[in-house]
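Just below is one structure, and these are the notes that go with it.
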Amino acid sequence: MRYTLVSADGQRSFPLQQGSTCLVGRAPTNDLSVVDATISRKHAELHWVSEALHVRDLGSSNGTFVNGAKIESAPLAAGDRVTFGKVEFRLEVGAEPEAPASRTQAGTPPGATILRQIAIGDPAAALAALRVDPASATGTYAAAPDKSQQKLATLLEVAKGLGRSADIDALLQQIATYAYQILDVDRVAILLMDAAGELVPRIARDKSGSDQSRAVPRSIARSALTERVAILSDNAGEDTRFGGQSILMQQIRSAICCPLIGSENRPLGVLYVDNVTTSHRFSEEDLEFCVAFAGIAAVAIVNGEFAQRIQRELLTRSNFERFFTPQLARRIAESPGAIKLGGDKCKVAVLFSDVRGFTALSETMRPDDMASLLTEYFTEMVDCVFRHEGTLDKFIGDAVMAQWGAPISGARDADNAMEAAVDMMRALERLNARWRSEGRPALQIGIGLNYGEAFAGNIGSEKRLEFTVIGDTVNTSKRLCDAAGRGEIFLSESFRAALSAPPALAECPPMSLKNKSQPVQVYRVVAD
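Every position in the sequence shown, counted from 1, becomes a number in the working numbering once 2 is added.
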């Protein structure tokens, strides 16, 4: 049995196709879109159980009612009053409509529809669909001798215009603008696929350029993209292939929906145009022209996405190079999974260096002089870290924290950390010699090294992430640094064991470190 929902004033009716589900709500993307403040965006669902129609409330704010009784789910019968919020409908028995004919030539009755499949992934193929000789086109409006040549010239201009923009949002605005210039339409909309495979509206404009709240009928968009077909309906409300009640609600008379297909047949989204008046019905020629336009638009979108991806990778690599060696930054930028929210446990070598007597020294210097001194010092220390394939984790006041092993580990992580520590001491000696000759104060540092398991990853929020390593391995390295005297490098037993070629070391008495229940075996690097 076929039912129809009729509004309380009797002015609007919505046929319900047996076997299909109808979503009811305020959002224009619902099958039955009813704009009323008492109706939730997704209010209720009409569905079939065997041959019986049921209504189910979807957690709406103002409830769903059948014959005045509030329900969560209930069967429906002819004559029932169904109320969504405060908007009432009556369920009536409706007759099955006649199937629309497919128009293949002029003179087809107004209720007919067109469904064609045209390859639109390649602009050349799209232009060929117009059956126009490109050699005769000059690429200007004035020189176009007839309507077909003018359309081809327009498309050539569109192709050149869209090729100048790399920003996707600006590109979509251009596509909508061109659509109004070359097609007689009331509305243009573009929907693109998101990461989850859902169609998301990106552009929806009317002739005045204002944002248009009316959504693209989900049934038409879904059919176009799933079946890879360009759809022309010259009476969308009577087209039973779609069954979307939002088409009736929006009073759409004629519509064209073309899938946007990228390289390797990848679906990008849909381009949709429609008219709400009977003064202009789209023709088969309009469909072919829109398909050609959509083909060019799809290529422009793919190129824009590629340009933005290159730009993001360059920016990502530039940001990484502030903390990683250029070689490691390049490897990370080329490995999308290397940096992600959260992280993993891994073996790392951790280095802490700290300036001795910095607080007392800072009290005797002007702030700008101290800033200049620290900038020169940090520059040399970071160069030492990078020279030995390390990662700058952070600056903590006058301290430097670096690590080897995350996000990409190597067999020589501990050896590289050891060599970096020795290099830092030598670099500081050279800095101090120059500073003394300039009458500036010298600095002395202590360094702590440890090796072990740590948590490595992005810590923070989606808006601001900091790649770092945390855990007992890091804390022990900091404690060793605190214990080291001026010019001393202390390392743990685990770090010494990880070295393939240890330098000359002196064994120190076991040290009691903060938060350690047992004394820790410590070694000191013996100066050359």
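We put the CB at the ideal spot given by N, CA and C, even for glycine.
Bear in mind the structure is a predicted one, so any value in this text is a computation, not a measurement.
The beta strand (DSSP E) spanning residue 85 covers which residue range?
83-86
In chain order, what residues of the same chain lie with their CB nearer than 7 Å to the CB of residue 445, ignoring the 5 residues before and after it?
Only 357, 379, 430, 434 meet the Cβ criterion.
Within 8 Å, strictly: CB atoms of residue 45 and residue 91
no
Under three-state DSSP, which class holds residue 62?
coil
Sort out for me which residues DSSP pairs residue 228 with in a bridge.
Residue 228 pairs with nothing; no bridge assigned.
Whole-angstrom C-beta distance between residue 23 and residue 15, which should lie under 8 Å:
That pair is no contact at about 19 Å.
Would you check if the region 260-274 and the region 299-307 touch, i.e. whether three or more CB-CB distances between them fall below 8 Å?
yes
Let me know the secondary structure DSSP gives residue 528 once reduced to three states.
coil
Going by DSSP, name the residue or residues bridged to residue 45.
Beta-bridge pairing links residue 45 to no other residue.
Which word fits residue 475, buried or exposed, when buried means at least 16 other C-beta atoms lie within 10 angstroms of its C-beta?
buried
If we ignore side chains and look at the alpha-carbon of each, how far apart do residue 525 and residue 509 end up?
5 Å
For the beta strand (DSSP E) containing residue 518, name the first residue and the last one.
It is not in any beta strand (DSSP E) - residue 518 carries neither H nor E in the DSSP assignment.
Using the DSSP secondary-structure output, state which residues sit across from residue 265 in a beta bridge.
Paired residue(s): none; residue 265 is not in a bridge.
With C-beta atoms as the reference, is residue 78 less than 8 Å away from residue 57?
yes
Indicate whether residue 416 and residue 390 have their beta-carbon atoms separated by less than 8 Å.
For residue 416 and residue 390, no; Cβs fall outside 8 Å.
Got a sec? Which residues, its chain only, sit under 6 Å from residue 408 by beta carbon, not counting five neighbours each side?
Around residue 408: 348, 350, 458, 471.
Please check the pair residue 174 and residue 204, which I expect to be a contact at CB under 8 Å, by giving their CB distance rounded to whole angstroms.
Yes, residue 174 and residue 204 are in contact; Cβ-Cβ is about 5 Å, under 8 Å.
With DSSP as the reference, identify every bridge partner of residue 89, one or two as the case may be.
86
Between which two residues does the alpha helix (DSSP H) containing residue 176 stretch?
170-184
Bounding residues of the alpha helix (DSSP H) (the contiguous stretch that carries residue 432):
415-439
Compute the Euclidean distance between the alpha carbons of residue 273 and residue 47, then round it to the nearest angstrom.
28 Å
Residues that residue 16 bridges to, as DSSP identifies them:
Under DSSP, residue 16 takes part in a beta bridge, and its partners are 7.
Would you tell me roughly how many angstroms separate the C-alpha atoms of residue 368 and residue 355, rounded to the nearest one?
For residue 368 and residue 355, the distance between alpha carbons rounds to 24 Å.
Can you look up residue 289 in the DSSP assignment and give me helix, strand or coil?
helix
Residue closest to residue 387, alpha-carbon to alpha-carbon, out of 424, 304, 370:
Considering only alpha carbons, the answer is 424.
Taking all protein chains shown into account, do 16 or more other C-beta atoms lie within 10 angstroms of the C-beta of residue 480, making it buried, or fewer, making it exposed?
buried
Boundaries (first-last residue) of the beta strand (DSSP E) holding residue 71:
Element bounds for residue 71: 71-73.
Residue range of the beta strand (DSSP E) that residue 481 falls in?
Careful: residue 481 lies outside any beta strand (DSSP E), inside the alpha helix (DSSP H) at 474-485.
Whose C-beta lies closer than 6 Å to the C-beta of residue 520 among residues of the same chain, with five residues either side of it excluded?
none
Whole angstroms are fine: how far does the CA of residue 292 sit from the CA of residue 181?
9 Å
If you draw a straight line from the C-alpha of residue 183 to the C-alpha of residue 304, how long is it?
23 Å
Please state whether the Cβ-Cβ distance between residue 207 and residue 178 is less than 8 Å.
yes
If you compare alpha carbons, which of 20, 345, 12, 10 is closest to residue 4?
20
Starting from residue 389, trace the alpha helix (DSSP H) in both directions and tell me its first and last residue.
369-389
Span of the alpha helix (DSSP H) around residue 509
Unbroken run through residue 509 is the beta strand (DSSP E), 507-513; no alpha helix (DSSP H).
With H, G and I counted as helix, E and B as strand and the rest as coil, what does DSSP make of residue 363?
helix
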